[in-house]
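Novice:
Numbering (our numbering), first residue to last: 25 to 164.
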């Protein structure tokens, strides 16, 4: 018989690890568990999530609010502290806006060109049809 990995709420000596959540804090802090507050190592990476976290507007620069991580200095080095930050995703920059404007302009140009070419072709077809009708009437 195969031993079940999920045992519901039964706790016995067969279980090696228990994942628990502290719901109510007691009178004293549990040493090594509730006595210190450890911040999350990584902050948000997406621009909209950074905006939401710091309650920023559209005009605010998201890059200034990225959560940076200080790197430990190497022994004997007298440089200033180095920090690491994530590359912000979905960041709207002037370059991306310029690219979008260019793409839209190209689309507009294409549609205008297609319209004019279609009109020219319709004119040509009408002219050819008219010439064909005239040649038929002249033969009779």
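All residues carry an ideal CB built from backbone N, CA and C; glycine is no exception.
What you are looking at is a predicted structure, and each value in this text was computed from that prediction instead of being measured.
Kindly indicate which residue of 138, 129, 109 has the alpha-carbon position closest to the one of residue 69.
Specialist: What you label residue 69 is simply residue 45 of the chain shown in a count that begins at 1. Here the closest residue by C-alpha is 109.
Novice: Go ahead and label residue 39 buried or exposed: buried means 16 or more other beta carbons lie within 10 angstroms of its beta carbon, across all protein chains shown.
Specialist: As a working note, residue 39 is residue 15 in the chain shown. Exposed is the call here.
Novice: Can you list the alpha helix (DSSP H) stretches of 4 or more residues lying completely in the stretch 48 to 126, in chain order?
Specialist: 71 to 78
Novice: Use the C-beta contact count for residue 46: other C-beta atoms within 10 angstroms, 16 or more gives buried, fewer gives exposed.
Specialist: Mapped onto the chain shown, residue 46 falls at position 22. Residue 46 should be labelled exposed.
Novice: Compare the C-alpha of residue 85 against each of 96, 100, 72, 150 and name the closest.
Specialist: Here residue 85 is taken as the residue at index 61 of the chain shown, counted from 1. Out of 96, 100, 72, 150, 72 has the C-alpha closest to the C-alpha of residue 85.
Novice: Take the Cβ of residue 62 as the centre, count every other Cβ of all protein chains shown within 10 Å, and call the residue buried at 16 or more, exposed below.
Specialist: The sequence position of residue 62 within the chain shown is 38, counting from 1. Residue 62 should be labelled exposed.
Novice: Quick check: residue 134 and residue 93, are their CB atoms within less than 9 Å of each other?
Specialist: Here the question's residue 134 lines up with position 110 in the chain shown. Here the question's residue 93 lines up with position 69 in the chain shown. Taking 9 Å as the Cβ cut-off, residue 134 and residue 93 do not qualify as a contacting pair.
Novice: Judging by CA-CA distance, which residue of 48, 88, 136, 146 is the nearest neighbour of residue 115?
Specialist: One-based indexing of the chain shown puts residue 115 at position 91. Considering only alpha carbons, the answer is 88.
Novice: Might you give, ordered along the chain, the residues of its own chain that have their beta carbon closer than 8 Å to the beta carbon of residue 80, omitting 5 neighbours on each side?
Specialist: The residue given as residue 80 occupies position 56 in the chain shown. Hits under 8 Å: 74, 86, 89.
Novice: For residue 105, I'd like the list of residues in its chain whose CB is within less than 8 Å of its CB, leaving aside the five on either flank, ordered along the chain.
Specialist: Start at 1 with the first residue of the chain shown, and residue 105 comes out as number 81. The residues are 94, 95, 97.
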